[in-house]
Amino acid sequence: MKPAKEIRVGNIIMVDEKPFIVLRSDVNGSSRTGFTYKWKMKNLLTNAPLENVFRGDDKFDVVVLDKKPVTYSYFADPLYVFMDEEYNQYEIEEENMGEAINYLKDGMECEAVFYDGKAISVELPITIARQVIYTEPAVKGNTSGNVLKEAKLENAIEAKQFTIQVPLFVNQDDTIEIDTRTAEYKRVVRN
Amino acid sequence: MQSTQGFPRSLAIFCKVVDNFGDIGICWRLARLLRHEHAIAVTLWVDDLRSFRRIWPAVDAGAEVQEVDGVQVRHWRGQDGGFDPAGVPDIVIEFFGVELPPGYVAAMARRDPPPVWINYEGLSAEAWVEGCHTLPSMHPRLKLTKHFFFPGFTAKTGGLLREAALLDQRDRFRADPAALDAFFAQLGLSAQEIAAAKAGLRVSLFCYPEAPIDGLFGAWEAGARPVTCLVPEGVAAERVAAFFGAPAVPGATATRGALTLRVIPFMAQTDYDRLLWACDLNFVRGEDSWVRAQWAGRPFVWHIYPQDENLHHVKLRAFLQMAAGSVESLIDFSLRWNGAAGTTTDERPDWPALWTALQADLPAIDARAAAWQASMLANGDLVSNLLRFARSLR
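So the protein sequences, as listed, match chains F and C. Just so it is clear: in the first sequence, position 88 is 88 by full-length UniProt numbering, and no numbers are missing. Just so it is clear: in the second sequence, position 249 is 249 by full-length UniProt numbering, and no numbers are missing.
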């Protein structure tokens, strides 16, 4: 049993004796009343989508599924194709990609997750590095407090490019580390 | 679909008093509203009857089961024990996500039909609340689904707790000078003190111990306009005692400069409403008194419950952005009162300047409060909204 606060996007959980994949997780709330986890899920048996909200301490059975290291190969609309080291190809539906789609990059290493012999999702490392392909230059003097700006990240599929909030000192072409659980900036990677 | 006629007839609220009086304050208000305005048989499970007694003196702190103002009150002693499905009511409300006794949840699952299970959440003006309001939360193992219900400030939330007659009662009280005098006399003020209070600015003060009271008292002392500040017993007791140089017991009073400070008895909910109505400016804290201050329709300054990593500052800013309009003095004052302003921790607030600006804007804040109240009324009242939602699940 795992509490909701430890469950990651891509995990398969049992709810009402049915397997659900967590496609998206938004955490909100307060330390006073406890955090809430709003999950977009999909029933793996029926493909029916579901949106539920849970408390951080709600406990779930996590289904331990087979996983295999794979690398992203190419997009065959609407399937994302991954390949293992023996050149076996695995196709994953776009709706099962979850947040991973935001970080997709040619040759990206991740883990394919299998249910009933079929690749159903991919799990990302907690921390990944991506290059900033566009962000506004910092405005002189506007450097106090927690001021943030948007940064667009490199992505294998242009239409899926997304932005995260970064500090003002981050420049275009910088490589930054991101926490894939929260889509939050962690630090600039300096070589 | 099952008929919703006569639904619900019974309801249980589970309340844990984490600290202070907000948890029981809200649950008790909710329980009384359901009982008196919707004729529902309500059972209130509370783990701390002593705190309950502070806001409702009729409560017997030693009773396992008692009836208080038409509500069955049960002492919630722990998570053990078995429960009979026949004893589970039509609606079960867990307040602020408290964990219900496992045996009770099992009884809920065995009941036919299962109860409507509501997780009653904390009030916030943050945008994400709308996206979570009324969402389901399936039980991982049992055939039960609870639903999250969020109070709030928009039509996409549950609204605010409000008694049907509240605003009429408030307006009648305000229109009756004798009632105002009698109320102040009940708090222990002499006729001379009442006259002085009415000639100056009447302020109620309810805050957490972290509030920068010394700066505020200093600004009031040095101000030109007399201020009578009424502070309930136990609120910021050390700082108030420091002002007196003596224990802050009910009846203690002292005047320094333009400030007269008086300690009043800790009071029941209904009296606290009258205090908010009787004052020109109210300092409130947490959630329950914060909501009551909004219904009082007077200028108020909110002291938000402090949280780790200053998460409460986000909640405070969300509320100010929504409710304070363009009254900068109220925003500045509120941020400073909560330690949420400034870019460096050693930057000291200029309390005389903050107070001067706030005082000058009190008429504008008063007008803003009326507009804000009108928008809250448009969202309906929380209990009616909650019951409508519960019926939609049947």
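Cβ atoms here follow ideal geometry from the backbone N, Cα and C, with glycine treated the same way. Source: prediction; values computed, not measured.
Contact belief for residue i with residue j at Cβ below 8 angstroms, rounded distance in angstroms
i: Trp56/C; j: Ala12/C; result: Contact flag wrong, Cβ pair sits at about 18 angstroms.
i: Val15/F; j: Pro140/C; result: 6 angstroms
i: Phe149/C; j: His133/C; result: 7 angstroms
i: Asn338/C; j: Leu316/C; result: 6 angstroms
i: Phe266/C; j: Val284/C; result: In fact, because the Cβ distance is near 15 angstroms, the residues do not count as touching under 8 angstroms.
i: Gly22/C; j: Glu287/C; result: 5 angstroms
i: Arg8/F; j: Arg181/F; result: 6 angstroms
i: Leu153/F; j: Ile133/F; result: 7 angstroms
i: Asp271/C; j: Arg292/C; result: Not a contact, Cβ separation roughly 11 angstroms.
i: Lys160/F; j: Glu111/F; result: Not really, about 20 angstroms apart at Cβ, beyond 8 angstroms.
i: Arg174/C; j: Gly200/C; result: The Cβ separation is near 18 angstroms, so there is no contact.
Residue-chain proximity (residue i, chain C), Cβ-Cβ < 8 angstroms
i: Phe169/F; result: no
i: Val53/F; result: yes
i: Arg32/F; result: yes
i: Met108/F; result: no
i: Met14/F; result: yes
i: Thr36/F; result: yes
i: Lys40/F; result: no
i: Asn11/F; result: no
i: Asn96/F; result: no
i: Asn28/F; result: yes
C-beta neighbour in chain F for residue i, strict 8 angstroms
i: Ser137/C; result: yes
i: Lys16/C; result: no
i: Ala63/C; result: no
i: Phe148/C; result: yes
i: Pro209/C; result: no
i: Pro247/C; result: no
i: Pro140/C; result: yes
With 16 other Cβ atoms within 10 Å as the buried cut-off, status of residue i
i: Asp381/C; result: buried
i: Val122/F; result: buried
i: Ile91/C; result: buried
i: Glu94/F; result: exposed
i: Ile12/F; result: buried
i: Val105/C; result: buried
i: Gly159/C; result: buried
i: Asn88/F; result: exposed
i: Ser51/C; result: buried
i: Ile120/F; result: buried
i: Met1/C; result: A caution first: Met1/C carries a pLDDT of 48, below 50, which makes its placement in the model too unreliable to give a value.
i: Trp294/C; result: Note on residue identity: the sequence assigns Gln, not Trp, to residue 294/C. Buried, by the Cβ-count rule.
i: Ser375/C; result: exposed
i: Gly87/C; result: exposed
i: Val157/C; result: The displayed chain sequence assigns Thr, not Val, to residue 157/C. With 16 or more other Cβ atoms within 10 Å, it is buried.
i: Gly62/C; result: exposed
i: Met108/C; result: buried
Short Cβ contact (8 angstroms threshold) for residue i with residue j
i: Trp355/C; j: Leu216/C; result: yes
i: Gly122/C; j: Thr36/F; result: no
i: Tyr80/F; j: Lys105/F; result: no
i: Ile365/C; j: Leu330/C; result: yes
i: Asp26/F; j: Lys38/F; result: yes
i: His36/C; j: Gly70/C; result: yes
i: Gly107/F; j: Gly10/F; result: no
i: Gly188/C; j: Gly251/C; result: yes
i: Leu205/C; j: Val231/C; result: yes
i: Glu109/F; j: Pro69/F; result: yes
i: Leu261/C; j: Val240/C; result: yes
i: Thr175/F; j: Ala129/F; result: yes
i: Val18/C; j: Leu161/C; result: no
i: Glu51/F; j: Leu135/C; result: yes
i: Asp47/C; j: Lys16/C; result: yes
i: Glu14/C; j: Ile93/C; result: The sequence shown places Phe at residue 14/C, rather than the Glu named in the question. Taking 8 angstroms as the Cβ cut-off, Phe14/C and Ile93/C qualify as a contacting pair.
i: Phe184/C; j: Ala278/C; result: yes
i: Pro3/F; j: Val63/F; result: no
i: Ala370/C; j: Gly257/C; result: no
i: Val203/C; j: Asp80/C; result: no
i: Lys143/C; j: Pro114/C; result: yes
The region 106-138 of chain C: positions lying closer than 9 angstroms to chain F by Cβ: Asn119, Glu121, Gly122, Ser124, Glu126, Trp128, Val129, Gly131, Cys132, Leu135, Pro136, Ser137, Met138
Check distances from the C-beta atoms of the region 299-312 of chain C to those of chain F and list, in chain order, the residues that come in under 8 angstroms. Taken in chain order, the members of the region 299-312 of chain C whose beta-carbon sits within less than 8 angstroms of a beta-carbon on chain F are Tyr305, Gln307, Asp308, Glu309, Leu311, His312.
To be precise: take each residue of the region 315-329 of chain C, compare its Cβ to all Cβ atoms of chain F, and keep it if any distance is under 8 angstroms. Which residues remain? Lys315
Residues of the region 72-103 of chain C with Cβ closer than 7 angstroms to any Cβ of chain F, in chain order: Of all residues in the region 72-103 of chain C, Phe96, Gly97 have a Cβ within less than 7 angstroms of some Cβ in chain F.
Between the region 54-78 of chain F and chain C, which residues of the former have a C-beta closer than 8 angstroms to a C-beta of the latter? Phe54, Arg55, Asp57, Asp58, Lys59, Phe60, Asp61
Proximal residues, the region 143-177 of chain C versus chain F, C-beta separation under 8 angstroms: Per Cβ criterion, the list reads Lys143, Phe148.
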